[in-house]
Amino acid sequence: MTTAGPPDPPTRPDTRHAYYDRMVRVLRHIQTHLDGALAPHDLAHLAHFSPFHFHRVFRAMVGESVGGHVRRLRLERAAGDLRHTSDDVLAIALRAGYEAHESFTRAFKAHFALTPREWRAAEADPDIPAAPSGIHYGPDVAVGLFRPIREEYAMMDASIKAMPALRLAALAHTGPYMQIGKTFERLGMTAAPAGLFGPGTLMLGVYHDDPQETPPEKCRAHAGVTIADGRPLPAGFEEVRVAAGEYAVGAHRGHYRGLERAYLWLMGQWIPSQRREIGDGPAYEIYRNTPRDTREEDLITEIRVPLGMRLRSA
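The sequence shown begins at 152 in the numbering used here and counts up one residue at a time.
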């Protein structure tokens, strides 16, 4: 059982904390460019993170999505403008990225529990709600207070393994990932008559989008089973290839609802502690048992995340 995550960032450069240093670069850029587009792909490039997995690394370390972080900082800046300037509420709303007074008011009240006018009229400065990692609007001081989120979780038997390339006979799924079970049911009903199940056959899920950043109805995945090279693909199936290479491999025990916590722990704590980059390409899951004959608490899902190069010494 692996339980320890990386220690808190030291005061001197250290390759174990390169993820921390690079995330601070991203956070500082966001703080000083709040009026810009702040596209996640550009932020990933800025700090040399894999664009494919940047959303999850950010959320694992910062405690909120990229979009949620930016929206909160813009609202906090707007709260300061309301208290310390006489600018019109609509002008402040536009600067915060809202096109209408009404949408700004709804978002502001949802976050601060006061309308913009109530906030401006308060006798004393109202309290700013706490942020997950202690980062608030204020370019230098706030980023200096950053401490990565620590997920109180540990996967079973996390390790780094060299994995072979896999060829899958797969069915496409588009929609919320928690509904992919229906696609796996279709897979089972069609794969068995096609003779695809045999000794050593693996059942996989390959997930192409981050469900926290992609609208649920647009999330893309494949449910598949391994098939030997050269074997004809049965009618109705798509061929999906999974690349060979080194992967961070960890086993999650329990209901599939808990898989997101497993991903956040693996990408935000365990992989950085191993001095490894996260590689490009999708993560995939292997299902070692199924809900048909296994209790929820005993389900075993193996997560495999592609790895890139080793982090070099400072």
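We put the CB at the ideal spot given by N, CA and C, even for glycine.
CA nearest to the CA of residue i, picked from the options
{"i": "Ala272", "options": "Arg234, Asp238, Ala305", "result": "Arg234"}
{"i": "Ala343", "options": "Lys369, Phe388, Gln363, Asp308", "result": "Phe388"}
{"i": "Ala281", "options": "Leu415, Tyr171, Ala320, Leu224", "result": "Leu224"}
{"i": "Ile300", "options": "Tyr171, Asp449, Gly375", "result": "Tyr171"}
{"i": "Leu185", "options": "Gly381, Asp449, Arg228, Ser201", "result": "Arg228"}
{"i": "Arg443", "options": "His406, Ala394, Val221", "result": "His406"}
{"i": "Gly432", "options": "Ala386, Arg461, Gln330, Ala372", "result": "Ala372"}
{"i": "Thr341", "options": "Val376, Met314, Ala247, Arg222", "result": "Val376"}
{"i": "Gly187", "options": "Ala195, Gly285, Ala247, Gly219", "result": "Ala247"}
Terminal residues of the alpha helix (DSSP H) in which residue i lies
{"i": "Tyr414", "result": "410-416"}
{"i": "Gly95", "result": "Outside the displayed span of the chain (152 to 465) sits residue 95, for which this structure offers no information."}
{"i": "Thr183", "result": "169-183"}
{"i": "Leu347", "result": "No alpha helix (DSSP H) contains Leu347, which DSSP labels as neither H nor E."}
{"i": "Gly387", "result": "Gly387 -> no alpha helix (DSSP H), and no H or E assigned at all."}
{"i": "Glu227", "result": "217-235"}
{"i": "Phe205", "result": "205-213"}
{"i": "Asp193", "result": "191-197"}
{"i": "Arg268", "result": "267-272"}
Proximal residues to residue i (C-beta, below 7 Å), its chain only, five neighbours per side dropped
{"i": "Glu453", "result": "Val400, Ala402, Glu436, Ile437, Arg439"}
{"i": "Tyr414", "result": "Arg207, Ile454"}
{"i": "Ile451", "result": "Ala402, Arg404, Arg439, Asn440"}
{"i": "His192", "result": "Pro202"}
{"i": "His359", "result": "Arg371, Ala372, Pro433"}
Per DSSP, the bridge partner or partners of residue i
{"i": "Tyr249", "result": "According to DSSP, Tyr249 bridges with nothing at all."}
{"i": "Lys312", "result": "Tyr398"}
{"i": "Val116", "result": "The requested residue 116 is not part of the displayed model; the chain covers only 152 to 465."}
{"i": "Glu453", "result": "Ala402, Ile437"}
{"i": "Gly356", "result": "Ala374, Glu436"}
{"i": "Arg461", "result": "Arg427"}
{"i": "Met307", "result": "Ala402"}
Unbroken beta strand (DSSP E) run spanning residue i, endpoints
{"i": "Tyr438", "result": "435-438"}
Coarse secondary structure for residue i, derived from DSSP in three states
{"i": "Gly285", "result": "coil"}
{"i": "Ala372", "result": "strand"}
{"i": "Gly381", "result": "coil"}
{"i": "Thr325", "result": "strand"}
{"i": "Ile429", "result": "strand"}
{"i": "Ser254", "result": "helix"}
{"i": "Gln363", "result": "coil"}
{"i": "Glu302", "result": "coil"}
{"i": "Leu296", "result": "coil"}
{"i": "Phe263", "result": "helix"}
{"i": "Asp165", "result": "Note that Asp165 scores a pLDDT of 44, beneath 50, so its modelled location is shaky and nothing firm can be said."}
{"i": "Gly187", "result": "coil"}
{"i": "Ile243", "result": "helix"}
{"i": "Ile279", "result": "coil"}
{"i": "Arg446", "result": "coil"}
Nonlocal neighbours in the same chain, by C-beta distance under 8 Å from residue i, ignoring five residues either side
{"i": "Leu417", "result": "Met306, Ala309, Ala399, Gly401, Ile454, Val456"}
{"i": "Arg176", "result": "Leu197, Ala198"}
{"i": "Leu265", "result": "Phe259, Ala273, Pro277"}
{"i": "His252", "result": "Val240, Leu241, Ala244"}
{"i": "Gly409", "result": "His403"}
{"i": "Trp270", "result": "Ala230, Leu233, Arg234, Phe259, Phe263, Pro277"}
Min CB distance residue i to chain E below 9 Å
{"i": "Arg371", "result": "Chain labels in this structure do not include chain E; a single protein chain is all it has."}
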